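> This is the structure, below, for whatever I ask next.
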Amino acid sequence: MSGCPTQAISFNKQGRLVISADLCRYCQHCVISCPVHALTMDQPEERYKAFQAGMAGACQAVLGRFDRQSVYYVSILMNITPLCDCWGFSTPPLVPDVGILAGDNLVAIDQASIDLIDYRKLIKENVPDQLNPPGKKGHLFQRLHGKDPYEQIRQCVALGLGKPEYKITEIP
1080 MSGCPTQAIS
1090 FNKQGRLVIS
1100 ADLCRYCQHC
1110 VISCPVHALT
1120 MDQPEERYKA
1130 FQAGMAGACQ
1140 AVLGRFDRQS
1150 VYYVSILMNI
1160 TPLCDCWGFS
1170 TPPLVPDVGI
1180 LAGDNLVAID
1190 QASIDLIDYR
1200 KLIKENVPDQ
1210 LNPPGKKGHL
1220 FQRLHGKDPY
1230 EQIRQCVALG
1240 LGKPEYKITE
1250 IP
């Protein structure tokens, strides 16, 4: 199927659609690009948590190659869109630009980044039809996608990658 960037979708010998769990990266390009909305990709909560644990583990493995005292983290909170940048295209931003965060604590930077993406500042006309109406509780991304963005923070804390507490100092 041409809609899959990793060629994870194919038809088996019986003519049934098969999605390879090894190749699929859950970008959901197939779900949104299907003209008849025949595909869904609901992830059970335990699979979502396992994926986030894997992301945290990969981060830990990469950071293990560096002197932790020599690493600085930067998060650019501009043009925040509802879909992953792995899609190869963009949509209008969901919220106004927030700014740039930097620090020596990976978890604190990510915690602050998520905290600063405020549902109350949602630019409603920029939400794609497939994600409307947003859910009623939780963080903006949880309302749009049904997944708690703080799960990755919890997984990183569990691996000792940092602490979520932060203090923001504005630089004019």
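The sequence shown begins at 1080 in this note's numbering and counts up one residue at a time. Glycine included, every Cβ here is placed at the ideal spot set by N, Cα and C. A quick note: this is a predicted structure, and the numbers were derived from the prediction, not measured.
Checking 8 Å against the spacing of the C-beta atoms, do Pro1175 and Asn1158 come in under that value?
The residue labelled residue 1175 in the question sits at position 96 within the sequence shown. The residue labelled residue 1158 in the question sits at position 79 within the sequence shown. Taking 8 Å as the Cβ cut-off, Pro1175 and Asn1158 do not qualify as a contacting pair.
> Taking C-beta to C-beta, are Ile1193 and Pro1161 nearer than 8 Å?
Along the sequence shown, read from residue 1 onward, the residue named residue 1193 stands at position 114. Along the sequence shown, read from residue 1 onward, the residue named residue 1161 stands at position 82. No. Outside cutoff.
> Does the Cβ of Gly1178 have 16 or more other Cβ atoms within 10 Å, making it buried, or fewer, making it exposed?
Counting from one through the sequence shown, the residue named residue 1178 turns up at place 99. Per the 10 Å Cβ criterion, exposed.
> Between Ala1181, Asp1197, Pro1213 and Val1206, which lies nearest to Lys1246 when the distance is taken from Cα to Cα?
Taking the first residue of the sequence shown as position 1, residue 1246 is located at position 167. Here the closest residue by C-alpha is Ala1181.
> Cβ atoms of Leu1238 and Gln1139: under 8 Å apart, would you say?
Reading the sequence shown from its first residue, position 60 is the one you call residue 1139. Reading the sequence shown from its first residue, position 159 is the one you call residue 1238. Yes, they are a contact pair.
> Does the Cβ of Val1150 have 16 or more other Cβ atoms within 10 Å, making it buried, or fewer, making it exposed?
The residue you call residue 1150 lines up with position 71 of the sequence shown. Exposed is the call here.
> Output yes if chain B places a C-beta closer than 8 Å to the C-beta of Ala1187; else output no.
Given the protein chain composition of this structure (a single chain), no chain B is represented.
> Which class does Ser1154 belong to by DSSP, given the choice of helix, strand or coil?
If you number the sequence shown from 1, residue 1154 lands on position 75. If DSSP states are grouped into helix, strand and coil, Ser1154 belongs with the strands.
> Which same chain residues, not among the five before or five after Val1186, have their C-beta less than 7 Å away from its C-beta?
Sequence index remark: in the sequence shown, residue 1186 carries index 107 (1-based). Cβ neighbours of Val1186 beyond the five flanking positions: Ile1232, Cys1235, Val1236, Leu1240, Gly1241, Lys1242 and Pro1243.
> In angstroms with no decimal places, state the Cα-to-Cα distance between Ala1129 and Ile1250.
Position 50 of the sequence shown, counting from 1, holds the residue named residue 1129. Position 171 of the sequence shown, counting from 1, holds the residue named residue 1250. Each residue's alpha carbon lies about 37 Å from the other.
> Please identify the residue among Met1134, Tyr1198, Thr1170 and Glu1204 whose C-alpha is closest to the C-alpha of His1218.
The residue you call residue 1218 lines up with position 139 of the sequence shown. Nearest of Met1134, Tyr1198, Thr1170 and Glu1204 to His1218, Cα basis: Tyr1198.
> Residue ranges of each alpha helix (DSSP H) run of no fewer than 4 residues wholly in the region 1154-1214, ordered along the chain?
Whole alpha helix (DSSP H) segments, 4+ residues: 1185-1195.
> Report yes if the CB atom of Cys1109 is closer than 8 Å to the CB atom of Leu1118, and no otherwise.
Along the sequence shown, one-based indexing puts residue 1109 at 30. Along the sequence shown, one-based indexing puts residue 1118 at 39. Yes. Within cutoff.
> Pull up the distance between the alpha-carbon of Val1153 and that of Asn1091, whole angstroms please.
Stepping through the sequence shown from its first residue, residue 1153 is reached at position 74. Stepping through the sequence shown from its first residue, residue 1091 is reached at position 12. Taking the straight line from one Cα to the other gives about 44 Å.
> By Cβ distance, which residues of its chain are closer than 6 Å to Val1206, with the 5 residues on each side in sequence left out?
In the sequence shown, the residue the question calls residue 1206 occupies position 127. Nothing listed; no residue qualifies.
> Below 7 Å, is the gap between the Cβ of Arg1144 and the nearest heavy atom of the ligand FAD?
Summarising the ligand content, the structure contains no ligands, and the ligand FAD is consequently not present.
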